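Numbered per the numbering used here, the sequence shown finishes at 247, counting up by one with no gaps.
All C-beta atoms, glycine included, are put in the ideal place defined by N, C-alpha and C.
From a predicted model like this one, the values you see are computed outputs, not experimental measurements.
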Amino acid sequence: MSSSREIIVYHYSYSPYARRVIWYLNLRNIPFSECIQPPIMPRPDVKALGVSYRRIPIVAIGRDIYNDTRLILSKLDTLFPPSAAHPALAPSTPEHRALAALLSSSVTDGGLFGRCATLIPTNLPLFKDARFTADRAAMSGRPWSKAFIDRARPESLVEVRQFIAFLENGLLADGRDWLLNTPQASSVDIEAVWPLHWVFGMPGAVPADVASKDSFPKVFAWVERFSVAAGAARKKNGKDRKSTRL
């Protein structure tokens, strides 16, 4: 990769939005560097770019700065067309592209991720940090108090369970490994897996009586399969990658 296309991802490790970009880069074997940021403002490294945008991830590609996840992925698709070195992830048929767009919209714009966010266990140390809860309240436009999260939790569990059931009894019902029945994970898998991968990784976020490996074995196996594939891709792509930490 030429220096004019050097990619630097500014993010913090548990950002679910940043995971989408990191997964994409690794699964496509695209070299990049990381600049790890604090989970709340201020972020001196980002400020040094002349950027005041507070959401993560922010991606620098050469001299260009991108701060919308879907725009970042679209730009990377353009800069790195499918090749032997950078295998395709984007769906190739109109039907599959429509499914990817539908999943992206329903998860990001339709409220599923917002529901997942209210499943964060309120006994985590984060909820004792007034700076963190104030930052998230200012970003989301709603309270981030323990009381608010606890009130929202039952309805959120219903909607998240419905999404899990949709995948279990729909796209994964025939036992396929990946949502498009492709040999490897595709961008459709990324669009659907990221909120579930996030909440499944937080003990207590989704109680076993709501969703478990027993009640939704195909979905839980798919999330684990994706995690393994993403980890292997990261190990392969990370040989020459640099990380910078504050």
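CA-to-CA, the gap between residue 162 and residue 84 works out to about 38 Å. DSSP places residue 34 in the strand class (E or B) of the three-state scheme. With fewer than three CB-CB distances shorter than 8 Å, the stretch 190-209 does not count as touching the stretch 143-157. In the DSSP annotation of this structure, residue 9 is not part of any alpha helix (DSSP H); the continuous beta strand (DSSP E) holding it starts and ends at 8-12.
Pairing residue 168 with residue 207 gives a Cβ-Cβ distance that is not under 9 Å. Sequence-distant partners of residue 224 (beyond 5 residues in either direction) whose C-beta falls short of 7 Å from its own C-beta, in its chain, are 194, 197, 198 and 201.
For residue 105, the closest of 209, 188, 40 and 157 by C-alpha to C-alpha distance is 188. Our two residues, residue 138 and residue 179, have alpha carbons roughly 36 Å apart in a direct line. Distance from residue 22 to residue 79 at the Cβ level is roughly 15 Å; contact not present, criterion being Cβ atoms closer than 8 Å. DSSP places residue 60 in the strand class (E or B) of the three-state scheme. The Cβ atoms of residue 27 and residue 177 do not sit closer than 9 Å to each other.
If you draw a straight line from the Cα of residue 110 to the Cα of residue 103, it is about 10 Å long. C-alpha of residue 12 to C-alpha of residue 58: approximately 5 Å in a straight line.
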